[in-house]
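The block underneath contains the structure these notes are about, expressed in C-alpha cells.
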Amino acid sequence: MKKILIVDDRQEIRELVEMTLRSKEYQIFKAESGEKALVIARAEIPDLILMDLEMPGGMDGLETTRALKSYPETKNCPIIILTGSTGPYYNKTEGLNAGATDYFPKPFSPLKLIKKIEALIG
Amino acid sequence: MEKPHLLVVDDDEGSRDLCSEILQAEGFKCSKAADASEAISILKETEIDLVLTDIVMPGLSGLDLIKQIREISDSHVIAFTGYIKDYDFTMVIQNGANDFMLKPVHGKELLARVKRVLRERKFIRERNTAYKSVEATNRQILKYAEDLNHSLHQLKFAVQDLQKAYLETIHRLVIAAEFKDEDTAEHVTRMSRYCTVLAEKLGLPKGETENILYASPMHDVGKIGIPDSILMKPGKLTVEEWIIMKRHSSIGEKILANSDAEVIKMGAQIAITHHEKWNGEGYPMGLVGEKIPLCGRITAVADVFDALTSERPYKKALPLEKTLDIMKEGRGIHFDPRI
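Residue numbers (our numbering), protein chains in the order written: chain A, 91 to 212; chain B, 801 to 1139.
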C-alpha cells in the first residue's frame, strides 16, 4: 500500500483530496501545517506528498518543501504542489526550484491529479 | 495579527505628535504626515490599517484625501476637525470616513474610537478571507463536477462498447453452434426480430423486449450436443432419433444455466421452453398455458412462423397467407392465443 501525505491548511480541501484518492492502493495521511507535515513525513516516509503553498501562521509550502528535501529520509519523496492560481504564492519556478516534482494550480482537475499520481507511484 | 499600523495626518505639528504619542503608548505602530500628498506617498508604499486625518489642511483637504485613499488602499479612516460648524458627522461619514471626532482630541476618546474602527476592520478582513476561501472551494468543487460529468460520459461509452461486444459475441457463438444445422445466421436474426415485434405488441417493458431481442437467438444452441448423423440426416428421423433430437432443449438450458446476466438467464429459459405447447403437448416438460414462461411462448410462435416461411432442402417456403392460416389453427393448441 502506497502512502500519500496531503498538506493543506484548509480542512475541506484535505478532505476533498482524501476522498479523491481513497482506494485500496493508497494509505492517506493529512497535515494542516508545514510543521505537522514534517513530523508525519519523517515518521511515515510517504511515497508521495501533495503540498499546498499558502499556509498562514507558520511554515509555508515552499519552506516545508525545502525542509523535506533537506532530510535524508524524505529527500527522494516526490512532492506535488497544489496551490491557488492567483496571488503571491502562484510561482511555479520557485516551487520546482524548491524540489517539487510537479505543480498543479488550484482549482485543479481531479482526473489529471489522479493520472499524475498513478504515473508517479502507480 | 500583527501590530496595527496607523498614519496620523495633520498640518499642526503639536497635535500630530500628541496623537501619535498616545497611539504609540498604546502599542500601535504609528507614522506621521504633515499634509495629504505626504500621506498619499506613504500609503502607496506601506500597508496602513487606519488613517487619522485632520480635515482642514493646506493643499488637499482631509475629505479629498479620503477619496484618494479609497482608490489606492483599503485603509480605514477617522477624520477630525476643530471647525465644528462647517462639518458634521453625517457629511464626513458620507465622504467615506469610518468615524469622526472633534478637536481638540482627548486621549481616551481617541483610543476608544481607534480600537472600535480597528475591530470593525478586523471583522471585515476576516469575512473577506472567509469569503475568498469559500469562493476558492466552490471553484474547486466545480472542477470536480466537470470531471465527474466527463467521467460519466466516458463510462457510458465504455459500457456501450462492452455491451455491443458481448452481444455480438453471443450472436457469433449462436451461429457457431448452429453452423452444421440448416439454420442460418439469417434465421437467427429473423427469429430475434419476430420475437421483439411480438414482445413490443404485447406491451412488454423496454428492458424485457431488449432481453428477448438478444436472448431468443440462443433458443437452439443445444443442437451443438446432437450427433451430426441425426442433425444432418437428409431423410425423416426415426422415433429414437427424435428422442435424441428433442434433447437440444435441455442441452441448451445446461449450456446457458446459472448465469447472473439477465440476457443469458432468459436465453436458458427460452432454450428449455421454446418447444412447449399451450395445450401441454410440447416438450421437454409438457408445461400447460401460462406455466410456460412468456419468452418461451413468444419464441415458439416466432420459431414456427420462420420455419414455415423459410425454404429448406426438403420443402419450399409457404406463402404468407397459408402460413398465417396454419398459425391461426395453432391458437390455443400450440400457441398462446394472445400472441
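Yeah, the Cβ is synthetic: ideal placement off N, Cα and C, and Gly gets one too. Computed from a predicted model, the values in this text were never measured in an experiment.
ask   = Nearest-angstrom Cα distance between residue 1011(B) and residue 1117(B)?
value = Cα-Cα distance, rounded: 29 Å.
request  = Apply the 10 Å Cβ neighbour rule to residue 202(A) and answer buried if 16 or more other Cβ atoms are within range, or exposed otherwise.
outcome  = Residue 202(A) counts as exposed, since fewer than 16 other C-beta atoms from the protein chains shown sit within 10 angstroms of its C-beta.
Rounded straight-line distance, which links the Cα of residue 849(B) to that of residue 806(B) = Straight-line Cα distance between these residues: approximately 6 Å.
key: C-alpha distance - residue 1133(B) paired with residue 1020(B), whole-angstrom precision   = Their Cα atoms are separated by approximately 22 Å.
query = The alpha helix (DSSP H) with residue 877(B) in it runs from where to where?
reply = Following the DSSP letters along the chain, one finds residue 877(B) in no alpha helix (DSSP H) but inside the beta strand (DSSP E) bounded by residues 876–881.
query = Under 8 Å, do residue 130(A) and residue 95(A) count as touching if we go by C-beta distance?
reply = Here residue 130(A) is near residue 95(A), since their CB atoms are less than 8 Å apart.
ask   = Is the region 1026–1040 of chain B touching the region 1052–1065 of chain B in the sense that three or more CB pairs, one from each, lie closer than 8 Å?
value = Segments in contact, no.
query = Comparing the C-beta of residue 214(A) with each C-beta of chain B, is any distance below 8 Å?
reply = Within the shown structure, residues of chain A are numbered from 91 to 212, placing residue 214(A) beyond reach of any answer.
ask   = What are the boundary residues of the beta strand (DSSP E) that residue 195(A) is part of?
value = It spans 192–196 - the beta strand (DSSP E) in which residue 195(A) sits, taken as one unbroken run.
inquiry  = Between the alpha carbons of residue 831(B) and residue 157(A), how many angstroms are there, rounded?
reply    = Between residue 831(B) and residue 157(A), the C-alpha separation is close to 38 Å.
ask   = When DSSP labels each residue in this structure, what does residue 156(A) get in the three-state scheme?
value = In the structure shown, residue 156(A) falls within a helical segment according to DSSP collapsed to helix, strand and coil.
inquiry  = Can you give me the C-alpha to C-alpha distance between residue 998(B) and residue 1006(B), rounded to a whole angstrom?
reply    = Straight-line Cα distance between these residues: approximately 12 Å.
Residue ranges of each alpha helix (DSSP H) within the region 108–149 of chain A, 4 or longer = The alpha helix (DSSP H) runs of length 4 or more contained entirely in the region 108–149 of chain A are, from start to end of the chain, 124–134.
request  = Give the C-beta separation of residue 168(A) and residue 138(A) to the nearest angstrom, bearing in mind that I take them to be a contact with Cβ-Cβ under 8 Å.
outcome  = Taking 8 Å as the upper bound for CB-CB distance, residue 168(A) and residue 138(A) are in contact here, some 5 Å apart.
task = Note down, one range per segment and in chain order, each alpha helix (DSSP H) of at least 4 residues found wholly within the region 956–1005 of chain B.
result = Listed in chain order, the complete alpha helix (DSSP H) runs (minimum 4 residues) inside the region 956–1005 of chain B are 985–1001.
query = Do you know how far the Cα of residue 910(B) is from the Cα of residue 141(A)?
reply = Answer to the nearest angstrom: the Cα atoms are 45 Å apart.
key: Option in 895(B), 1003(B) and 947(B) with minimal Cα separation from residue 868(B)   = Each of 895(B), 1003(B) and 947(B) was checked against the Cα of residue 868(B), and the nearest Cα belongs to 895(B).
inquiry  = Less than 8 Å between CB atoms is the rule here; does residue 197(A) satisfy it with respect to chain B?
reply    = Yes, contact with chain B.
task = Kindly identify the DSSP beta-bridge partner or partners of residue 1108(B).
result = Looking at the DSSP assignment, residue 1108(B) forms no beta bridge with any residue, so it has no partner.
inquiry  = With three or more C-beta pairs closer than 8 Å as the rule, is the region 986–1001 of chain B touching the region 1093–1106 of chain B?
reply    = They touch, by the three-pair rule.
key: Within chain A, the residues that residue 867(B) reaches when beta carbons sit closer than 8 Å   = None at all; the shortest Cβ gap to chain A is about 28 Å.
task = Can you pull the chain A residues whose beta carbon is under 7 Å from the beta carbon of residue 944(B), in chain order?
result = Near residue 944(B) (Cβ distances below 7 Å), the residues of chain A are 200.
Neighbour flag for residue 115(A) against chain B, beta carbons, 8 Å = At least 8 Å separates the CB of residue 115(A) from every CB of chain B.
For residue 892(B), three-class secondary structure by DSSP = Residue 892(B) falls in the helix class under three-state DSSP.
request  = Determine the contact status of residue 889(B) and residue 900(B), defining contact as a CB-CB distance below 8 Å.
outcome  = With a cutoff of 8 Å on beta-carbon distance, residue 889(B) and residue 900(B) are scored as near each other.
task = Starting from the beta carbon of residue 873(B), find every residue of chain A whose beta carbon is closer than 8 Å, and list them in chain order.
result = Chain A residues near residue 873(B): none, gap ~18 Å exceeds 8 Å.
message = Just to confirm, is the Cβ distance from residue 853(B) to residue 843(B) under 8 Å?
response = Judged by their CB atoms, residue 853(B) and residue 843(B) are not nearer to each other than the 8 Å cut-off.
is_contact[residue 106(A), chain B] using C-beta, thresh 8 Å = Yes, residue 106(A) lies at the interface with chain B (some Cβ there is under 8 Å from its Cβ).
query = Cα separation between residue 173(A) and residue 150(A)?
reply = Cα to Cα, residue 173(A) sits roughly 11 Å from residue 150(A).
message = Out of 1058(B), 1031(B) and 1035(B), which one is the CA nearest neighbour of residue 1047(B)?
response = Of the candidates 1058(B), 1031(B) and 1035(B), 1031(B) places its Cα closest to the Cα of residue 1047(B).
query = Which residue from 126(A), 182(A) and 117(A) puts its Cα closest to that of residue 171(A)?
reply = It is 182(A).
ask   = Hey, does residue 102(A) have any beta-carbon neighbour from chain B nearer than 8 Å?
value = Yes, contact with chain B.
Candidates 100(A), 136(A) and 106(A): closest to residue 145(A) by CA position = Distances from the CA of residue 145(A) to each of 100(A), 136(A) and 106(A) were compared; the closest alpha carbon is that of 100(A).
Best match in 128(A), 115(A), 119(A) and 198(A) for proximity to residue 160(A) [C-alpha to C-alpha] = Ranking 128(A), 115(A), 119(A) and 198(A) by Cα distance to residue 160(A) puts 128(A) first.
ask   = Of the residues 802(B), 971(B) and 812(B), which one's Cα is nearest the Cα of residue 858(B)?
value = When each option's Cα is compared against that of residue 858(B), the closest is 812(B).
message = Judging by CA-CA distance, which residue of 927(B), 955(B) and 1017(B) is the nearest neighbour of residue 967(B)?
response = Minimum Cα distance to residue 967(B) is reached at 1017(B).
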